[in-house]
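Asker: Below is the structure I would like to discuss, written out as structure tokens.
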Amino acid sequence: MADKYLEAIGYTEHGLRHTDIVSKTAYNILKKLSFSESEAELAAAAGFLHDIGNMLGRSNHHKMGAILAKEVLEELGYDLKDITRAMQAIVMHEEDEGVIPDMIAAALVLADKADVHRSRVRNPAMVTEDIHDRVNYAATESELSIDAEKRLITLSLVIDTRISQVIEYFEIFLSRMTACRKAARVLNCEFQLYINDTRLA
Numbered sequence: 174m175a176d177k178y179l180e181a182i183g184y185t186e187h188g189l190r191h192t193d194i195v196s197k198t199a200y201n202i203l204k205k206l207s208f209s210e211s212e213a214e215l216a217a218a219a220g221f222l223h224d225i226g227n228m229l230g231r232s233n234h235h236k237m238g239a240i241l242a243k244e245v246l247e248e249l250g251y252d253l254k255d256i257t258r259a260m261q262a263i264v265m266h267e268e269d270e271g272v273i274p275d276m277i278a279a280a281l282v283l284a285d286k287a288d289v290h291r292s293r294v295r296n297p298a299m300v301t302e303d304i305h306d307r308v309n310y311a312a313t314e315s316e317l318s319i320d321a322e323k324r325l326i327t328l329s330l331v332i333d334t335r336i337s338q339v340i341e342y343f344e345i346f347l348s349r350m351t352a353c354r355k356a357a358r359v360l361n362c363e364f365q366l367y368i369n370d371t372r373l374a
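To convert, take the position in the sequence shown, counting from 1, and add 173; that gives the numbering used here.
Structure follows, in structure tokens:
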């Protein structure tokens with residue numbers, strides 16, 4: 174339902190494909206960095222629910238999503254402490270929301286921001302009109318890798334520069350990359366960005 178609303182107003186895909194990827198990626202980040210199974214599972218739950226607020230509208234969807242997620246997590250038997258942590262993570266996945274409080278939120282931010290790919294574009298015919306669609310459609314490969322020994326988190330993208338120039342990526346995603354850097358620091362890691370095999374951050 175949330176994704177149907179976003180489709181109607183022309184946003185990129187935020188449905189089960191996206192939430193499943195974010196959930197699994199958040200889980201893998203924490204597991205590879207040797208956090209506990211329960212923390213990784215909580216990050217996965219927050220990842221799966223992080224965009225649920227879109228069913229009530231795009232504006233403040235992260236805050237509304239935290240409230241909706243609370244009900245779901247209560248029904249699943251999570252305790253109040255973990256519900257609060259998941260709610261904080263869901264609020265924090267919007268990059269302008271301030272300080273990332275813990276590893277759950279950090280994993281969610283990284284997982285969400287790493288999902289840049291042409292499969293999220295609903296109408297490829299519109300890529301010349303919309304910069305967000307153009308940049309996502311130009312991204313033919315996206316991989317978030319974790320080097321636990323070096324404490325290094327790397328987002329590697331392949332961008333088809335015939336569709337979008339690399340500068341356009343930074344034009345719309347600079348705040349997202351800043352959020353990724355902050356999230357990596359919470360995990361005691363360094364964040365790196367590679368586009369077309371060139372390190373840019």
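Every residue, glycine too, gets a C-beta built ideally from N, C-alpha and C.
Could you spell out the range, first to last residue, of the alpha helix (DSSP H) harbouring isoleucine 240?
Answerer: Where isoleucine 240 is concerned, the enclosing alpha helix (DSSP H) stretches over 234 to 248.
Asker: In the DSSP assignment, what are the bridge partners of aspartate 320?
Answerer: In the DSSP output, where bridge partners are listed per residue, aspartate 320 has Leu325.
Asker: Rank Arg335, Glu322, Asp320 and Arg349 by C-alpha distance to the C-alpha of threonine 313 and give the top, closest one.
Answerer: The option with the nearest alpha carbon to threonine 313 is Arg335.
Asker: Within the same chain, show all residues whose beta-carbon is closer than 8 Å to that of alanine 181, passing over the 5 residues directly before and after it, in chain order.
Answerer: In this prediction, alanine 181 scores a pLDDT of 39, lower than 50, which makes its location untrustworthy; the coordinate-derived value is nonetheless stated afterwards. Once the five neighbours on either side are set aside, alanine 181 has no close Cβ partner at all.
Asker: Does glutamine 338 come out as helix, strand or coil in the three-state DSSP assignment?
Answerer: The answer is coil: DSSP assigns glutamine 338 none of H, G, I, E or B.
Asker: From which residue to which residue does the alpha helix (DSSP H) around phenylalanine 364 run?
Answerer: From DSSP, phenylalanine 364 is part of no alpha helix (DSSP H) but of the beta strand (DSSP E) over 363 to 368.
Asker: Express the C-alpha separation of aspartate 303 and alanine 213 in angstroms, rounding to a whole number.
Answerer: Cα to Cα, alanine 213 sits roughly 35 Å from aspartate 303.
Asker: Near aspartate 342, which residues of its chain fall below 6 Å by C-beta distance, leaving aside the five closest residues on each side in sequence?
Answerer: Looking at the sequence itself, residue 342 is tyrosine, so the reference to aspartate does not match. Counting only Cβ-Cβ distances below 6 Å, and skipping sequence neighbours, we find Val308.
Asker: Applying the criterion that 16 or more other CB atoms from any shown protein chain within 10 Å of the CB defines a buried residue, is lysine 204 buried or exposed?
Answerer: It counts as buried.
Asker: Since threonine 371 sits in a beta bridge, which residues does DSSP pair it with?
Answerer: Answer by DSSP bridge pairing, in chain order: Ile368.
Asker: Find out if the Cβ-Cβ distance for the pair serine 315, aspartate 288 is shorter than 8 Å.
Answerer: Closer than 8 Å, so yes.
Asker: Just verifying my parser: in three-state terms, what is the DSSP assignment at glutamate 210?
Answerer: In the structure shown, glutamate 210 sits in a helix (DSSP, three-state: H, G or I).
Asker: Starting from the Cα of isoleucine 225, find the closest Cα among Leu366, Lys197 and Ile263 and give me that residue.
Answerer: If we check each option's Cα against that of isoleucine 225, Ile263 comes out closest.
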